[in-house]
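2 protein chains.
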Amino acid sequence: LIELVEVTRVYPLPSGDVVALDRVSLTIHEGEFVAIMGPSGSGKSTLLNQLGCLDRPTSGDLFIRGKNTREMNDRELTGLRLNTIGYIFQRFNLIPLLTAYENVEYPYLMKHREPDYTGRVDSLLGMVGIDPPMAAHKPPELSGGQQQRVAIARALVNDPALILCDEPTGNLDSVTGRQIMEMLAELHRKGRTILMVTHDAEVAGFAERTIVMKDGRVI
Amino acid sequence: LIELVEVTRVYPLPSGDVVALDRVSLTIHEGEFVAIMGPSGSGKSTLLNQLGCLDRPTSGDLFIRGKNTREMNDRELTGLRLNTIGYIFQRFNLIPLLTAYENVEYPYLMKHREPDYTGRVDSLLGMVGIDPPMAAHKPPELSGGQQQRVAIARALVNDPALILCDEPTGNLDSVTGRQIMEMLAELHRKGRTILMVTHDAEVAGFAERTIVMKDGRVI
Ligand SMILES: Nc1ncnc2c1ncn2[C@@H]1O[C@H](COP(=O)(O)OP(=O)(O)OP(=O)(O)O)[C@@H](O)[C@H]1O
Ligand SMILES: Nc1ncnc2c1ncn2[C@@H]1O[C@H](COP(=O)(O)OP(=O)(O)OP(=O)(O)O)[C@@H](O)[C@H]1O
Ligand SMILES: [Mg+2]
Ligand SMILES: [Mg+2]
Numbered sequence: 086l087i088e089l090v091e092v093t094r095v096y097p098l099p100s101g102d103v104v105a106l107d108r109v110s111l112t113i114h115e116g117e118f119v120a121i122m123g124p125s126g127s128g129k130s131t132l133l134n135q136l137g138c139l140d141r142p143t144s145g146d147l148f149i150r151g152k153n154t155r156e157m158n159d160r161e162l163t164g165l166r167l168n169t170i171g172y173i174f175q176r177f178n179l180i181p182l183l184t185a186y187e188n189v190e191y192p193y194l195m196k197h198r199e200p201d202y203t204g205r206v207d208s209l210l211g212m213v214g215i216d217p218p219m220a221a222h223k224p225p226e227l228s229g230g231q232q233q234r235v236a237i238a239r240a241l242v243n244d245p246a247l248i249l250c251d252e253p254t255g256n257l258d259s260v261t262g263r264q265i266m267e268m269l270a271e272l273h274r275k276g277r278t279i280l281m282v283t284h285d286a287e288v289a290g291f292a293e294r295t296i297v298m299k300d301g302r303v304i
Numbered sequence: 086l087i088e089l090v091e092v093t094r095v096y097p098l099p100s101g102d103v104v105a106l107d108r109v110s111l112t113i114h115e116g117e118f119v120a121i122m123g124p125s126g127s128g129k130s131t132l133l134n135q136l137g138c139l140d141r142p143t144s145g146d147l148f149i150r151g152k153n154t155r156e157m158n159d160r161e162l163t164g165l166r167l168n169t170i171g172y173i174f175q176r177f178n179l180i181p182l183l184t185a186y187e188n189v190e191y192p193y194l195m196k197h198r199e200p201d202y203t204g205r206v207d208s209l210l211g212m213v214g215i216d217p218p219m220a221a222h223k224p225p226e227l228s229g230g231q232q233q234r235v236a237i238a239r240a241l242v243n244d245p246a247l248i249l250c251d252e253p254t255g256n257l258d259s260v261t262g263r264q265i266m267e268m269l270a271e272l273h274r275k276g277r278t279i280l281m282v283t284h285d286a287e288v289a290g291f292a293e294r295t296i297v298m299k300d301g302r303v304i
């Protein structure tokens, strides 16, 4: 499904270049459930951003279903991101002025060009334990874990084939965290490809294999 | 040191009042190391904000060293927050336009009215594994765990007697997380009072006792 070939990502900063990814090569097959672990600052989020086409390499190539992303125009990439890929960001990236409901509905609106009359948004929010009264709140009015769960529902609203999660249970108690992992495991059983950054070995245990990073390299 | 008596905190929202804390009474003694656990949304962060005088109760009373906070004026409360209490927020709350170094120095500046010539800021950043080149970066240029570590250094810069941590290791790999916990344990050995929200039982193990919350009550 996804192939990285010698991908390097450098962040040029006044105080000196940061090599976040250092000639990383790896292949993710359709339907895999892969965990990504490694010390803080080792490049996990940067790797996920590359795999999810949110960011381009400084050098090296990224192939999606055999096609090199360098040959894709913005429309193609946007289509990929909207229809095929769901993101659960480490910092959630919810829109503070929209309610939880509106945050989850947003990608649906962008894809279907009309509000959700199917009840999908409500049902997804219910699955992550956010009831309708809570869904009317804005992110600043929600607890950390409630925000995280809204971010998870949003990532799934367009039923993406590829799901990218960056510390999906970081702010959740173990019971809620387990429920979320069961949900992801179920989606995996139904054929979705899941790439998950986590520092929790128990959470990594839900994956089929684990990629370990260190200083921008896969070890 | 701190005493809560029948503290209730209600968030009034258009969709209906949220009772985040429901008649909570508890006492924290000088030099204790207390963990606070409970499901997502159970009121842990709200409780921490009350204990740290960042927020006032809707009803009930809060006593610091025997004095009722209702009788404290803003100057007194500000003094408390600046000199006595250190906060590690769940969302870090770093200032995105300042470098990591400047973020940590900020409370020092506010307290001493002059820059840090003692090297304390550098040494604290070193203790949390942020070297000088990294300290020149701004929060958006740092990984999640690096931001968390900067937030920890900032909380400690004025050597507070009371340290409040809201999920201090949520974004850290287990090795770095352990280093942070050793640091907090050391501060506790030296007499600091530590109140720590965590959903990680292993992290809670560093504390002397655990308060468990559910639906805004201590159970
Ligand atoms: N600023 C706010 N305005 C309105 N409601 C709020 C606000 N902050 C929190 N709440 C609500 O109060 C309740 C308790 O929130 P709190 O943040 O204390 O929970 P928590 O235990 O820290 O959760 P988590 O483990 O998810 O961080 C939640 O239901 C939340 O939606
Ligand atoms: N936008 C950015 N600009 C500059 N440097 C960055 C940026 N984002 C990340 N970095 C740097 O790149 C390196 C890798 O960051 P990354 O966020 O991928 O690490 P991570 O493994 O996700 O860490 P964590 O576990 O702490 O979230 C870090 O040293 C970080 O400081
Ligand atoms: Mg990260
Ligand atoms: Mg919280």
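Heads up: the sequence lines are chains U and V, in that order. Position 5, counted from 1, in the first sequence is what this note's numbering calls 90; the numbers after and before it change by one each time, with no gaps. Position 187, counted from 1, in the second sequence is what this note's numbering calls 272; the numbers after and before it change by one each time, with no gaps. Note that CB positions come from ideal geometry on N, CA and C, so glycine has one too. None of the values given here were measured: they were computed from a predicted structure.
- [ ] Report yes if the C-beta of residue 226 of chain V is less than 8 Å from at least one heavy atom of ligand 2; otherwise report no.
- [x] yes
TODO: Classify residue 133 of chain V as helix, strand or coil using the three-state DSSP reduction.
DONE: helix
- [ ] Report yes or no: is there a C-beta of chain U within less than 9 Å of the C-beta of residue 273 of chain V?
- [x] no
- [ ] Under the assumption that residue 95 of chain U contacts residue 110 of chain U (Cβ atoms under 8 Å), give the Cβ distance between them as a whole number of angstroms.
- [x] Between residue 110 of chain U and residue 95 of chain U the Cβ distance is about 17 Å, and since that is not below 8 Å, they are no contact.
Open item on the list: I need the boundaries of the beta strand (DSSP E) containing residue 149 of chain V, first residue and last residue.
Closed with: 144 to 149
Open item on the list: Quick check on the DSSP output: what are the complete alpha helix (DSSP H) runs of length 4 or more inside the stretch 160 to 211 of chain V, in order along the chain?
Closed with: 185 to 197
Open item on the list: Please classify residue 234 of chain U as buried or exposed, where buried requires at least 16 other C-beta atoms within 10 Å of its C-beta.
Closed with: buried
Open item on the list: Which same chain residues end up closer than 6 Å to residue 276 of chain U when comparing Cβ atoms and leaving out the 5 residues on each side of it in sequence?
Closed with: 116
Open item on the list: Short of 6 Å in beta carbon distance, which residues of its chain neighbour residue 261 of chain V, apart from the five on each side in sequence? Order them along the chain.
Closed with: none
Open item on the list: Is residue 282 of chain V a contact residue of ligand 4, with contact defined as CB to any heavy atom under 8 Å?
Closed with: yes
- [ ] Run the proximity test for residue 328 of chain V: is its beta-carbon closer than 8 Å to any non-hydrogen atom belonging to ligand 3?
- [x] There is no way to answer for residue 328 of chain V, as the model of chain V reaches only from 86 to 304.
Open item on the list: For the stretch 141 to 151 of chain U against the stretch 212 to 225 of chain U, do three or more pairs of beta-carbon atoms, one drawn from each stretch, fall closer than 8 Å, so that the two count as touching?
Closed with: no
Open item on the list: So, at 6 Å on beta carbons, what are the nonlocal neighbours of residue 88 of chain U in its own chain, with the 5 sequence-adjacent residues on each side left out?
Closed with: 112, 148
TODO: Check whether the Cβ of residue 125 of chain U lies closer than 8 Å to any heavy atom of ligand 2, and answer yes or no.
DONE: yes
- [ ] Confirm, please, whether the CB-CB distance from residue 256 of chain V to residue 125 of chain U is below 9 Å.
- [x] yes
- [ ] Over the uninterrupted alpha helix (DSSP H) stretch that includes residue 92 of chain U, give me the two end residues.
- [x] Segment 87 to 96 is the beta strand (DSSP E) holding residue 92 of chain U; no alpha helix (DSSP H) there.
TODO: Specify the secondary structure class of residue 257 of chain U as computed by DSSP and reduced to three states.
DONE: coil
Task: For residue 277 of chain V, the three-state DSSP class (helix, strand or coil) - done: coil
TODO: Step through the CB atoms of chain U and report whether any lies within less than 9 Å of the CB of residue 135 of chain V.
DONE: no
Task: Bridge-paired residues (DSSP) for residue 213 of chain V - done: According to DSSP, residue 213 of chain V bridges with nothing at all.
Open item on the list: Please list, in chain order, the chain V residues whose beta carbon lies closer than 7 Å to that of residue 218 of chain U.
Closed with: 100, 101
TODO: Say whether the stretch 184 to 201 of chain U touches the stretch 236 to 250 of chain U, bearing in mind that this needs 3 or more beta-carbon pairs closer than 8 Å, one atom from each stretch.
DONE: yes
Open item on the list: For a test of the three-state rule: what should DSSP assign to residue 292 of chain U, helix, strand or coil?
Closed with: coil
TODO: Could you tell me how far apart the beta carbons of residue 292 of chain U and residue 118 of chain U are, in whole angstroms, since I believe they sit closer than 8 Å?
DONE: 5 Å
TODO: From the DSSP output, read off the bridge partner residues of residue 106 of chain V.
DONE: V:94
TODO: Note down, in chain order, all residues in the stretch 95 to 129 of chain V with a beta-carbon under 9 Å from any beta-carbon belonging to chain U.
DONE: 96, 98, 99, 100, 101, 103, 105, 122, 123, 124, 125, 126, 127, 128, 129
Task: Member of V:280, V:197, V:201 whose CA lies at the smallest distance from the CA of residue 186 of chain V - done: V:201
TODO: Mind checking the stretch 238 to 253 of chain U against chain V and listing, in chain order, the residues whose C-beta falls within less than 7 Å of any C-beta there?
DONE: 252
Open item on the list: Helix, strand or coil, according to DSSP, for residue 112 of chain V in the structure here?
Closed with: strand
Open item on the list: Is residue 193 of chain V near ligand 1 - that is, is its Cβ less than 8 Å away from at least one heavy atom of it?
Closed with: no
Task: 9 Å Cβ cutoff met for residue 280 of chain V and residue 180 of chain V - done: no
TODO: Sort V:250, V:286, V:259 by Cα distance to residue 176 of chain V and report the nearest one.
DONE: V:250
TODO: Run the CB neighbour count on residue 208 of chain V, radius 10 Å, all protein chains shown included, and call it buried at 16 or more, exposed below.
DONE: exposed
Task: Span of the alpha helix (DSSP H) around residue 240 of chain U - done: 229 to 241
Open item on the list: Please report whether the beta-carbon of residue 373 of chain V lies at a distance below 9 Å from any beta-carbon of chain U.
Closed with: Since the displayed chain V opens at 86 and closes at 304, residue 373 of chain V lies outside it and no answer follows.
Task: Pair within 9 Å by beta-carbon distance, residue 132 of chain U and residue 106 of chain U - done: yes
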